[in-house]
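Going down the list, the protein sequences come from chains P and G.
So in my numbering the end of the first sequence lands on 221, straight run, no missing numbers.
So in my numbering the end of the second sequence lands on 221, straight run, no missing numbers.
Take a look at the structure set out below.
Number of protein chains: 2
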Amino acid sequence: MKYSSSKENYLKAIFHLQEEDGIVTTNELAAALQTRAASVTDMLKKLKTQKLLLYEKYKGFKLTLEGRKVALQIIRKHRLWEFFLVTKLNFGWDEVHEIAEELEHISSKKLIDRMDEFLGFPKTDPHGDPIPDSTGKVTLVKQVDLLNLPLNTVAEVSGIGDQSPEMLDLLNHKNIQLGSKLEIRKKFSFDNSIEIKIKNHPAITVSENVAKKIFAKYDE
Amino acid sequence: MKYSSSKENYLKAIFHLQEEDGIVTTNELAAALQTRAASVTDMLKKLKTQKLLLYEKYKGFKLTLEGRKVALQIIRKHRLWEFFLVTKLNFGWDEVHEIAEELEHISSKKLIDRMDEFLGFPKTDPHGDPIPDSTGKVTLVKQVDLLNLPLNTVAEVSGIGDQSPEMLDLLNHKNIQLGSKLEIRKKFSFDNSIEIKIKNHPAITVSENVAKKIFAKYDE
DNA sequence: ATATTTTTTTAGATTTGTCTAAATTTTATT
DNA sequence: AATAAAATTTAGACAAATCTAAAAAAATAT
Ligand SMILES: [Mn+2]
Ligand SMILES: [Mn+2]
Ligand SMILES: [Mn+2]
Ligand SMILES: [Mn+2]
């Protein structure tokens, strides 16, 4: 089945909001898609007709198994394209999202499976988010945020929980990137900020709000 | 300026028909785009409003300089993507057209320029058609069709003038591909068919209609 | 338990791209 | 030159995706 770019964007947004909130509301979805609540309601009805969504008016909605499956395929495409852009075309990890937002709607399944192979079947995208395999399965990546990383333990940055331009800008300026090796030198209990030493860089301090959005993996 | 996929397809089709016929008609364009003459007229008006087309009703139409420029950028993207699919993702040259038909509408200029660089600035696509550079300039490739290739002269297949699935199927079965080294062994004046010897393959015969659609370059 | 506020849905338009059927213009034929 | 045929355009309709404003339902506060 082939769906319009607009429908695909809705399915993806519902999936993401469902993941974090459990339940999704019309207004939330409208905000996420930068559209109006009325437009959302219109689309919900269409998605229901196509059996991609369970929806009873005023009662809320959630993806059907089929809707979930479609959403995961779009996410797979989005993240593989991002990986391609960063690793093969030397894009910065903070400039690939917009382009992937278009590329994720290219329909050929064969194309994306070949791309996956070409890239060596990567497990996470440049933002540390997991890439579903061709059947839609996601390998959970075990990671802790920096607030929960033990002192003086070398860890590798594996994900960022906030991909806003503001956050990416901050990370760029502090030389924090995916794959960076770092350790916590000190935790300030006054404001929960932490001092970080990144390999080959002077020590820096980041706030609690930043620290809890940076994920890393380390050997125990 | 950003144009819809539909508009881009129209501009590209007009450009191609203009190239071969000089003048393009409403019906021709409708046939090329698999749509109706009435739809074409509708779109011609819109393209005129956007100054991409010179158009007076019942009098014919042709691209403006701006329309031509846009068309060349779409063609550049189409051919670079085809090259990528064949050389990096191991697609057959007969299965890339459809996918490129979608990819050509991805808007990022930076993406396509990075891709061009990644591919080593190729001059022709997998069908032998020239790839415009980032300013829209095309390097003319000097080539003759097989009917005009001298006897017993080794030449390299550099282009195919008909990319229909039927033609591509025939070429596949006869082991003729881009880059094939071949020479004409005999020309049958009865029906203008020719006997071809392709390196590492037994001699084969192709009809006049096929021969005139195969282009090759050779040293004089 | 009412009243108020917030959320969601409907009603009715609008834009883009397409279609069929009919009208108009151009081109070809007697 | 008149007529027939072909090409092109217009008129009017439709589907998809969006919008604003109004109505309806649900949640919250008094
Ligand atoms: Mn998207
Ligand atoms: Mn990402
Ligand atoms: Mn296209
Ligand atoms: Mn081509």
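Using N, Cα and C, we set each Cβ at its ideal position, and we do this for glycine too.
All values derive from a computational prediction rather than experimental measurement.
- In this structure, residue 28 (chain P) has its CB at a distance of at least 8 Å from all heavy atoms of ligand 3.
- Looking at the DSSP output, residue 56 (chain P) bridges to P:62.
- Under the Cβ distance rule, residue 5 (chain P) does not count among the residues neighbouring chain G, no pair being separated by less than 9 Å.
- Residue contact check for residue 24 (chain P) against chain G: no CB pair falls below 9 Å.
- With fewer than three CB-CB distances shorter than 8 Å, the stretch 145-156 of chain P does not count as touching the stretch 167-177 of chain P.
- For the 9 Å CB-CB criterion, residue 68 (chain P) and residue 24 (chain P) do not form a contact.
- Using a Cβ-Cβ distance cut-off of 8 Å, the stretch 43-51 of chain G and the stretch 2-19 of chain G are in contact, since at least three pairs of beta carbons, one from each stretch, lie closer than that value.
- Within its own chain, the residues whose Cβ lies closer than 8 Å to the Cβ of residue 92 (chain G), once the five positions on either side in sequence are excluded, are 86 and 100, listed in chain order.
- Using beta-carbon distances, residue 75 (chain P) does not count as an interface residue toward chain G, since no partner is under 9 Å.
- Note that the stretch 57-64 of chain P does not touch the stretch 99-119 of chain P; fewer than 3 beta-carbon pairs, one per stretch, sit closer than 8 Å.
- The nearest non-hydrogen atom of ligand 3 is less than 8 Å from the C-beta of residue 10 (chain G).
- With a cutoff of 9 Å on beta-carbon distance, residue 78 (chain G) and residue 104 (chain G) are scored as near each other.
- Closer than 9 Å to the CB of residue 62 (chain G) there is not a single CB belonging to chain P.
- Against residue 120 (chain P), chain G offers no close residue; the least beta-carbon distance is about 10 Å (beta-carbon pairs closer than 9 Å).
- Annotation for residue 102 (chain P): the continuous alpha helix (DSSP H) segment containing it runs 98-104.
- Contact between residue 83 (chain P) and residue 126 (chain P) holds: CB atoms are separated by about 5 Å, below the 8 Å threshold.
- By the rule that beta-carbons nearer than 9 Å mark a contact, residue 99 (chain G) touches chain P.
- Listed by position along chain P, the residues whose Cβ is nearer than 7 Å to that of residue 104 (chain G) are 107.
- Annotation for residue 206 (chain G): the continuous beta strand (DSSP E) segment containing it runs 205-207.
- Among the residues of chain P, those whose CB is under 8 Å from the CB of residue 91 (chain G) are 115, following chain order.
- Under the Cβ criterion of 9 Å, residue 13 (chain G) is not counted among the residues facing chain P.
- Selection G:220, G:217 and G:189 evaluated against residue 207 (chain G) yields G:189 as nearest (Cα-Cα).
- Contact check for residue 212 (chain G) against residue 147 (chain G) passes: the beta carbons are separated by less than 9 Å.
- With 16 or more neighbouring CB atoms inside 10 Å of its own CB, residue 217 (chain P) falls in the buried class.
- The C-beta of residue 78 (chain P) comes no closer than 9 Å to any C-beta of chain G.
- With 6 Å as the limit between CB and the heavy atoms of ligand 2, the residues that fall short of it are P:80, P:83, P:126, P:128 and P:130.
- In the three-state reduction of the DSSP assignment, residue 86 (chain P) falls in the helix class, which pools H, G and I.
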